[in-house]
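Trainee: The structure's right below; bear with me while I get my questions together.
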Amino acid sequence: MALIDDKRTLRSAMLAWRGALAEDERRAAAGGLLAAWRRETPFETPAVVSGFWPIKEEIDIRPLMIELFNSGCQMALPVVQGRGKPLLFRAWRPGDPLEAGVFGTLQPSARRETVEPDALLVPLLACDEAGWRLGYGGGFYDRTLKGLRARRQVTAVGVGFDPQLVPEVPHGPDDQPLDWLLTDRRACAFV
Numbered sequence: 000m001a002l003i004d005d006k007r008t009l010r011s012a013m014l015a016w017r018g019a020l021a022e023d024e025r026r027a028a029a030g031g032l033l034a035a036w037r038r039e040t041p042f043e044t045p046a047v048v049s050g051f052w053p054i055k056e057e058i059d060i061r062p063l064m065i066e067l068f069n070s071g072c073q074m075a076l077p078v079v080q081g082r083g084k085p086l087l088f089r090a091w092r093p094g095d096p097l098e099a100g101v102f103g104t105l106q107p108s109a110r111r112e113t114v115e116p117d118a119l120l121v122p123l124l125a126c127d128e129a130g131w132r133l134g135y136g137g138g139f140y141d142r143t144l145k146g147l148r149a150r151r152q153v154t155a156v157g158v159g160f161d162p163q164l165v166p167e168v169p170h171g172p173d174d175q176p177l178d179w180l181l182t183d184r185r186a187c188a189f190v
């Protein structure tokens with residue numbers, strides 16, 4: 000129970016912090032994210048890359064996804080298949096129409112092909128220097144990463160605002176660590 004409470008406390012604090020950011024700070028962060036990517040790229044391109052459509056005041060990675068697409072990457076967006084299931088990834092191109100998913104997400108149409116990513120850009124509420132990530136609590140990315148890593152090598156890149164890097168993220172046996180962190184100020188690998 001302590002793990003759940005510790006995660007809940009950190010989750011609430013980070014949601015409040017992120018929700019208080021001003022719009023100009025958010026715009027600047029999106030540009031900073033792209034600059035950090037250009038200084039040090041966490042994976043080689045071209046690749047099959049899963050991004051995400053930002054929700055709940057997440058950092059806007061859409062300029063980065065467009066840049067990746069323009070550099071030859073096959074882009075995809077995640078689709079929640081249901082409680083307790085891993086994510087599915089559907090192909091996405093800039094300008095594609097999106098449809099409503101669960102939890103306020105937007106996703107490609109079911110007519111788009113399903114792909115398996117080489118690299119995943121993963122939203123986060125917090126991350127620590129060991130690569131442990133705190134998300135919204137559904138476990139979708141943890142289940143997905145566990146399954147992908149059992150089959151092949153993938154690179155999981157947590158993406159957020161630089162202050163979301165915190166001293167410690169509570170984690171348990173079902174949590175999957177990130178390989179990299181990409182923020183509006185840095186790109187760093189976890190050992």
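Every letter in the sequence shown is one number past the one before it in numbering that gives the first Met the number 0, and letter 58, counting from 1, is 57. Note that beta-carbon positions come from the ideal geometry of N, C-alpha and C, so glycine has one too.
In this structure, does DSSP put V191 in helix, strand or coil?
Mentor: Outside the displayed span of the chain (0 to 190) sits residue 191, for which this structure offers no information.
Trainee: Closest to L87 by C-alpha separation, out of D95, V78, P93, would be which residue?
Mentor: The shortest C-alpha separation from L87 is found at V78.
Trainee: Threshold first: 3 residues or longer. Then list the beta strand (DSSP E) segments lying entirely within the segment 44-108, N to C.
Mentor: With a minimum length of 3 residues, the continuous beta strand (DSSP E) runs that stay inside the segment 44-108 are 47-49, 73-79, 86-91, 97-99, 105-107.
Trainee: Thinking C-beta only, is W91 closer than 8 Å to P107?
Mentor: In this structure, W91 lies closer than 8 Å to P107 by Cβ.
Trainee: Could you give the residue range of the beta strand (DSSP E) that holds A21?
Mentor: Run containing A21: none; DSSP gives neither H nor E here.
Trainee: Would you give the residue range spanned by the beta strand (DSSP E) that A118 belongs to?
Mentor: Segment 118-122, the beta strand (DSSP E) holding A118.
Trainee: Looking only at its chain, what residues have a beta carbon closer than 7 Å to the beta carbon of D18, apart from the 5 residues adjacent to it on each side?
Mentor: Checking the displayed sequence, the identity of residue 18 turns out to be Gly instead of Asp. Only E56 meet the Cβ criterion.
Trainee: Could you name the residues of the same chain whose beta carbon sits closer than 6 Å to that of P53, not counting the 5 residues immediately before and after it, in chain order?
Mentor: Taken in chain order, the residues that qualify are D59.
Trainee: Closest by CA to Q80, which one among A118, L133, T143, R26?
Mentor: Taking only the C-alpha atoms, the option nearest Q80 is T143.
Trainee: What separation, rounded to the nearest whole angstrom, lies between the Cα atoms of V114 and G146?
Mentor: Distance between the alpha carbons of V114 and G146 is about 14 Å.
Trainee: What do you get for V48, buried or exposed, if any count of 16 or more other CB atoms within 10 angstroms of its CB means buried?
Mentor: Buried, by the Cβ-count rule.
Trainee: Let me make sure I understand the geometry here. Which of V156, P169, E22 has the alpha-carbon closest to that of L180?
Mentor: Out of V156, P169, E22, V156 has the C-alpha closest to the C-alpha of L180.
Trainee: Would you mind reading off the limits of the beta strand (DSSP E) that contains L181?
Mentor: Here the beta strand (DSSP E) through L181 covers 179-181.
Trainee: Please identify the residue among R184, V190, P166, D178 whose C-alpha is closest to the C-alpha of P41.
Mentor: Nearest of R184, V190, P166, D178 to P41, Cα basis: D178.
Trainee: Exposed or buried, K84, counting other C-beta atoms within 10 Å across all chains shown (16 or more means buried)?
Mentor: Label assigned to K84: exposed.
Trainee: Please state whether the Cβ-Cβ distance between V168 and L120 is less than 8 Å.
Mentor: No; because the gap between Cβ atoms is not below 8 Å, this pair is not in contact.
Trainee: Which of the three DSSP states is assigned to T40 in this structure?
Mentor: Coil.
Trainee: By Cβ distance below 8 Å, which residues in the same chain neighbour L76 in space, the five residues on each side in sequence not counted?
Mentor: Same-chain partners within the cutoff: S49, G50, F51, W52, F88, R89, W91, L97, L105, Q106, P107.
Trainee: Assuming the contact rule is C-beta atoms closer than 8 Å, A35 and D183 should be a hit. Round their C-beta distance to whole Å, please.
Mentor: Sure, about 6 Å apart at Cβ, within 8 Å.
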